[in-house]
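Visitor:
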Amino acid sequence: MRIGILGTGTLALALGRRWAEAGHDLVVGGRSAPRATAVAQRLGGRAGTFLAAATERDAVLLAVPWSAVEDVLSQAEAQQRTLAETTVIDPANALDDTGALWIAPAASHAERVATLAPGAHVVKAFHLWPARRWNEHEDAGDTVVICGDEPGLPVVSALVRDAGATPAVLGPLSRARQLEETAGFALGLALAGTEPRSALPAVGAR
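The following block contains the structure:
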């Protein structure tokens with residue numbers, strides 16, 4: 001699969017390494033050309049601008065902080081439909097320091113991405129696990145919950161498996177706020193000194 005990675009931080013490196021090991025073709029875009037080149041070399045891929053990393057890709061990972069997404073998509077010329085028909089993975093959590101969402105009620109960050117990248121198949125994924133999780137050498141059988149536009153769901157499901165996890169499809173992009181609130185719930189509990197998993201009942205799959 002041809003994958004563009006917008007960003008050069010921990011998540012870009014961690015997921016990029018997993019996907020490179022699975023044989024995917026990677027292009028890394030970043031604000032700093034030397035940094036993008038260094039990351040691409042570590043992953044065995046190529047470096048370029050945000051626009052280059054977003055063009056003619058099967059999937060694009062937005063591996064930047066939520067506050068930078070609008071600017072990065074602007075540099076990728078997303079409003080000119082450069083990402084149309086492309087699966088765009090949104091792992092961002094638009095949360096404050098307490099775990100509360102910065103997004104207006106009844107909206108989600110993933111849906112905001114969809115408005116910034118018209119025609120893209122936006123999928124919310126990888127937002128509940130810290131980036132360092134994907135740097136671990138052994139797979140723990142973790143589940144990555146995703147939701148989004150139907151054409152992008154099988155693409156992201158495959159990439160979740162290639163990252164060493166199990167995908168669980170929650171539904172369409174309209175459920176993204178529910179997933180983002182879950183991240184805030186987990187962060188809020190952790191900040192209060194409670195292990196988030198201890199606050200959830202064990203419910204068997206049906």
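Residues 1 to 206 in the UniProt record's numbering are what the sequence shown spells out, letter by letter. Glycine included, C-beta positions come from ideal geometry on N, C-alpha and C.
#1: Use the C-beta contact count for A104: other C-beta atoms within 10 angstroms, 16 or more gives buried, fewer gives exposed.
#2: Does the distance from the CB of G94 to the CB of E180 come in under 8 Å?
#3: So who's on the other strand from P167, going by DSSP bridges?
#4: Answer yes or no: do R18 and D58 have a C-beta to C-beta separation smaller than 8 Å?
#5: Would the region 8-18 count as touching the region 124-136 if we require 3 or more Cβ pairs under 8 Å?
#6: State the Cα-Cα distance for the pair L153 and V144, rounded to the nearest angstrom.
#7: Taking the beta strand (DSSP E) that G30 falls in, what are its first and last residues?
#8: Using the C-alpha atoms, what's the distance from P172 back to G45?
#9: Have a look at A165 and W66 and give me their C-alpha separation to the nearest angstrom.
#10: Any idea what DSSP makes of R46, helix, strand or coil?
#11: With DSSP run on the structure shown, which of helix, strand or coil describes A94?
#12: When you compare only the Cα positions, how much space is there between E70 and D90?
#13: Between the C-alpha atoms of G23 and L61, what's the straight-line distance to the nearest angstrom?
#14: Whole angstroms are fine: how far does the CA of T86 sit from the CA of S157?
#15: Quick check on the burial criterion: 16 or more other C-beta atoms within 10 angstroms. Buried or exposed for S74?
#16: Determine the extent of the alpha helix (DSSP H) in which H109 is found, giving its start and end residues.
Guide: In this structure, then:
#1: Per-residue confidence for A104 stands at a pLDDT of 48, beneath the threshold of 50, marking its modelled position as unreliable; the derived number appears in the next sentence. Looking at its Cβ environment, which holds fewer than 16 other Cβ atoms inside 10 Å, A104 is exposed.
#2: First, the amino acid is wrong: residue 94 is Ala here, not Gly. Yes, these two residues count as a Cβ contact at 8 Å.
#3: DSSP lists V144 as partners of P167.
#4: In this structure, D58 does not lie closer than 8 Å to R18 by Cβ.
#5: Enough Cβ pairs lie closer than 8 Å, so yes.
#6: L153 and V144 have their C-alpha atoms spaced approximately 12 Å apart.
#7: It is not in any beta strand (DSSP E) - G30 carries neither H nor E in the DSSP assignment.
#8: Cα-Cα distance, rounded: 32 Å.
#9: A straight line joining the alpha-carbon of A165 with that of W66 spans about 24 Å.
#10: The answer is strand: DSSP assigns R46 an E or B state.
#11: The answer is coil: DSSP assigns A94 none of H, G, I, E or B.
#12: Their backbone Cα atoms lie some 12 Å apart in a straight line.
#13: Rounded to the nearest angstrom, the two C-alpha atoms are 16 Å apart.
#14: For the pair S157 and T86, the Cα-to-Cα distance works out to about 15 Å.
#15: Per the 10 Å Cβ criterion, exposed.
#16: Under the DSSP assignment, H109 falls in the alpha helix (DSSP H) whose first and last residues are H109 to L116.
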